[in-house]
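*Asks:* Taken in order, these protein sequences are the chains called A and B. Going by our numbering, the first sequence opens with residue 25, and the numbers climb by one from there. Going by our numbering, the second sequence opens with residue 108, and the numbers climb by one from there. In this text, a Cβ means the ideal position worked out from N, Cα and C, and glycines have one as well. Just so we're clear, the structure is a prediction, and the values are computed from it rather than from any experiment. Once you've had a glance at the structure underneath, I'll fire off some questions.
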Amino acid sequence: YNLERRENPYVTGNSVIAMKYKDGVIMACDTGASYGSTLRYKSVERIKEVGKHSLIGGSGEFSDFQEILRYLDELTLNDHMWDDGNSLGPKEIHAYLTRVMYNRRNKFDPLWNSLVLGGVKKGPKGDEKYLGMVNMIGTHFEENHIATGFGNHMAIPILRGEWREDMTFEEAVKLIEKCLLVLLYRDRSSINKFQIAKITTEGSTIYPPYALKTNWGFAAFENPSKGAVGTW
Amino acid sequence: RQQKEENSTPEPYSCYGHAPLAHLASSPDRRRGESRGGRRPRMFRNQYDTDVTTWSPQGRLFQVEYAMEAVKQGSACVGLRSATHAVLAAANKSANELSSHQRKVFRVADHAGVALAGLTADGRVLSRFLRNECINHAFVYDAPLPVSRLALRLADKAQVCTQRSWKRPYGVGLLVAGLDESGAHLYYNCPSGNYFEYQAFAIGSRSQAAKTYLERRFEKFNAYTPDELIKDALSAIKETLQGEKLTSSNCTIAIVGRKEDGTVEPFSMIDSKRIQEIIDSMEAADEAPAADVPAESSSMQEDRGDAPAARDAPAADEPAAPDAPAPMDI
Chain A
25 YNLERRENPY VTGNSVIAMK YKDGVIMACD TGASYGSTLR YKSVERIKEV
75 GKHSLIGGSG EFSDFQEILR YLDELTLNDH MWDDGNSLGP KEIHAYLTRV
125 MYNRRNKFDP LWNSLVLGGV KKGPKGDEKY LGMVNMIGTH FEENHIATGF
175 GNHMAIPILR GEWREDMTFE EAVKLIEKCL LVLLYRDRSS INKFQIAKIT
225 TEGSTIYPPY ALKTNWGFAA FENPSKGAVG TW
Chain B
108 RQQKEENSTP EPYSCYGHAP LAHLASSPDR RRGESRGGRR PRMFRNQYDT
158 DVTTWSPQGR LFQVEYAMEA VKQGSACVGL RSATHAVLAA ANKSANELSS
208 HQRKVFRVAD HAGVALAGLT ADGRVLSRFL RNECINHAFV YDAPLPVSRL
258 ALRLADKAQV CTQRSWKRPY GVGLLVAGLD ESGAHLYYNC PSGNYFEYQA
308 FAIGSRSQAA KTYLERRFEK FNAYTPDELI KDALSAIKET LQGEKLTSSN
358 CTIAIVGRKE DGTVEPFSMI DSKRIQEIID SMEAADEAPA ADVPAESSSM
408 QEDRGDAPAA RDAPAADEPA APDAPAPMDI
């Protein structure tokens with residue numbers, strides 16, 4: 025393999041945020057994909073179902089995310105064809121993705137993504153919620169709340185302060201929307217069109233896109249050039 | 108030949124019709140052979156049994172069937188399972204008093220193990236393969252390989268050897284026992300590449316005695332506690348010893364399962380001290396497992412020898428408390 029080979033991402037999705045709540049895992053992101061600094065695509069679904077028990081959210085190079093979805097499709101299809109009462113849970117899928125990402129990194133041919141893997145699976149001790157992340161260099165971990173990209177800097181501090189065990193769905197949505205709003209205001213590549221998805225033992229739901237209410241009515245925005253004569 | 112376990116009747120292993128293959132005597136090939144003056148009744152089977160890749164006119168692969176014979180020559184192994192636990196037991200035979208006995212039970216992963224009968228060298232190699240499969244799966248998926256998929260990989264490997272002219276079938280049958288998220292499982296993989304799931308099974312020499320013992324009881328196994336499974340496994344092995352005394356030195360027992368609190372009890376051999384304790388308690392209680400035997404005590408099997416017949420007859424009188432020392436009737 026070529027030791028000098030490097031990828032550059034072309035079409036990229038930005039932050040994904042996720043957290044565990046009482047009934048399962050909730051995940052959210054916007055539906056935009058940028059081409060450099062151009063906001064090229066505005067209706068991109070970056071959260072998908074995987075098998076019966078998991079959701080995957082991807083930020084970074086969108087074509088690589090699509091490739092990963094294809095790998096997962098093959099994986100879950102083969103698993104399903106066994107029809108033997110066993111199925112791949114979120115932990116197994118996370119472990120598999122970690123192997124894929126890390127191996128690609130070692131070949132200097134990374135899949136340029138940060139992936140969030142969340143799900144619920146019935147285990148011997150009851151329903152087990154799972155939430156983890158793996159990125160393009162193969163770093164992976166499990167946590168109660170995850171964010172990628174700018175979310176690491178803006179959403180994680182909020183989640184660390186306000187996340188609690190056993191939040192209801194409504195509380196979880198409120199907290200996620202708070203994070204999404206901060207990202208909308210502060211992350212240049214975000215757009216005001218979000219999707220929330222949840223997964224419980226009953227199954228997964230990816231809600232249709234919607235917008236958040238923003239407030240730009242601050243006094244300082246009214247006459248922006250007041251303090252700088254001559255500027256535009 | 109040295110690789111094989113001790114046979115009760117060592118015989119020249121030739122294709123020209125010897126006693127262990129008597130069950131094939133009724134094949135049409137024999138008739139054909141007889142037309143040649145009947146000197147060697149099964150001579151014509153010889154035509155189709157040189158290669159594993161040669162079919163007989165009746166659609167049989169004789170090399171595969173001979174491989175399954177090798178399994179029947181090995182010393183007995185028994186497997187049984189409940190909904191949550193699976194137990195494997197093996198009768199230990201050593202070639203002579205000076206040597207140690209052959210290892211017949213192998214741990215393949217924390218959640219699975221095998222007991223084998225037949226060419227133990229083949230069994231060792233297959234155990235290594237199974238361990239490798241489990242390790243690879245655990246490395247990628249961070250989860251135990253489901254037992255059905257383990258059994259399938261073993262079966263596919265065995266099948267390859269039935270379809271290559273430069274190979275021979277593995278001469279070992281494996282009882283694969285394990286635990287996964289759908290419960291405890293027991294599979295039997297044979298040299299032909301076939302495999303089935305079982306509630307209980309026995310392989311090896313004199314395994315029919317054990318099978319008969321298990322056939323009478325298997326419907327209750329799903330609800331058995333681990334201790335009950337172990338006891339029945341020991342009793343089944345005892346059947347195959349045919350009169351010889353069951354002690355902790357001539358049997359091996361292993362168990363795997365999910366405990367009541369949900370944690371896994373990993374596959375492990377039970378140490379000989381505990382086995383001896385269980386054997387002693389079984390003998391004290393006359394090892395009659397409560398009231399499910401009375402109706403069947405009349406269906407006493409002909410392959411039982413001597414004392415065992417008397418052992419079961421009084422079962423109808425026994426109270427349903429196998430652990431309570433009961434007065435010996437014999």
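(1) Output, in sequence order along the chain, the residues in the segment 98-111 of chain A whose CB is closer than 9 angstroms to any CB in chain B.
(2) Using a Cβ cut-off of 7 angstroms (strictly closer), state whether B/A193 contacts chain D.
(3) Whole angstroms are fine: how far does the CA of A/M51 sit from the CA of B/A190?
(4) Just to check, is the beta-carbon of B/C297 closer than 6 angstroms to a non-hydrogen atom of the ligand ZN?
(5) Compare the Cα-Cα distances from B/S356 to each of B/V194, B/E176 and B/N199 and report the closest residue.
(6) For chain A, is any of its Cβ atoms less than 7 angstroms away from the one on B/A262?
(7) If you compare alpha carbons, which of B/S207, B/P276 and B/F246 is closest to B/D156?
(8) Can you grab the Cα-Cα spacing for the pair A/G143 / B/P251, in whole Å?
(9) Within its chain, find whatever has a CB closer than 8 angstroms to the CB of B/A177; leave out the 5 residues flanking it on each side and keep chain order.
(10) In chain order, which beta strand (DSSP E) runs of at least 3 residues are fully inside the segment 149-198 of chain A?
(11) Let me check one thing: in DSSP terms, what residues is B/H292 bridge-paired to?
(12) Return the CA-CA distance between A/I200 and B/G230, expressed in angstroms with no decimal places.
(13) Does DSSP put A/I215 in a helix, in a strand, or in coil?
(14) In chain A, what lies closer than 9 angstroms to B/E288 by C-beta?
(15) What does the alpha-carbon distance come out to for the pair A/F245 and A/H118?
(16) Can you check whether the C-beta of A/Y154 is within less than 7 angstroms of a C-beta belonging to chain B?
(17) If the criterion is Cβ atoms closer than 7 angstroms, does the pair B/A291 and B/R214 meet it?
(18) From the DSSP output, in three-state form, read off A/S111 for me.
(19) Since B/V254 and B/D287 should fall inside the 8 angstroms C-beta cutoff, what is the C-beta to C-beta distance between them, to a whole number of angstroms?
(20) What are the start and end residues of each continuous beta strand (DSSP E) run of 3 or more residues lying completely inside the segment 146-201 of chain B, in chain order?
(21) Under the DSSP definition of a beta bridge, which residues are partnered with A/M125?
(22) Pick helix, strand or coil for B/D410, following the three-state DSSP scheme.
(23) Taking only beta-carbon positions, decide if A/E334 is within less than 7 angstroms of chain B.
(24) Under 7 angstroms, Cβ to Cβ, is there at least one residue of chain B near A/A196?
(25) Looking only at its own chain, which residues have a Cβ that is under 7 angstroms from the Cβ of B/L128, when we skip the five neighbours before and after it?
*Replies:* If we stick to the structure as given:
(1) W106, D108, G109, N110 and S111
(2) This model lacks chain D altogether; the protein chains it does include are A and B.
(3) 37 angstroms
(4) The ligand ZN is absent from the structure shown, which contains no ligand whatsoever.
(5) B/N199
(6) no
(7) B/P276
(8) 19 angstroms
(9) K111, G225, L226, G278, V279 and P298
(10) 150-159, 164-166 and 169-171
(11) B/G285
(12) 56 angstroms
(13) coil
(14) G109, N110, S111, G113, K145, K146, G147 and P148
(15) 45 angstroms
(16) no
(17) no
(18) coil
(19) 5 angstroms
(20) 184-188 and 192-198
(21) According to DSSP, which records beta bridges pairwise, A/M125 is partnered with nothing at all.
(22) Note that B/D410 scores a pLDDT of 38, beneath 50, so its modelled location is shaky; the value from the coordinates is reported in the next line. Residue state, collapsed to three classes: coil.
(23) A query on residue 334 of chain A cannot be resolved here, the shown segment of chain A reaching from 25 to 256 and no further.
(24) no
(25) Here the model assigns B/L128 a pLDDT of 48, short of 50, so the residue's position is not dependable and the matter cannot be decided.
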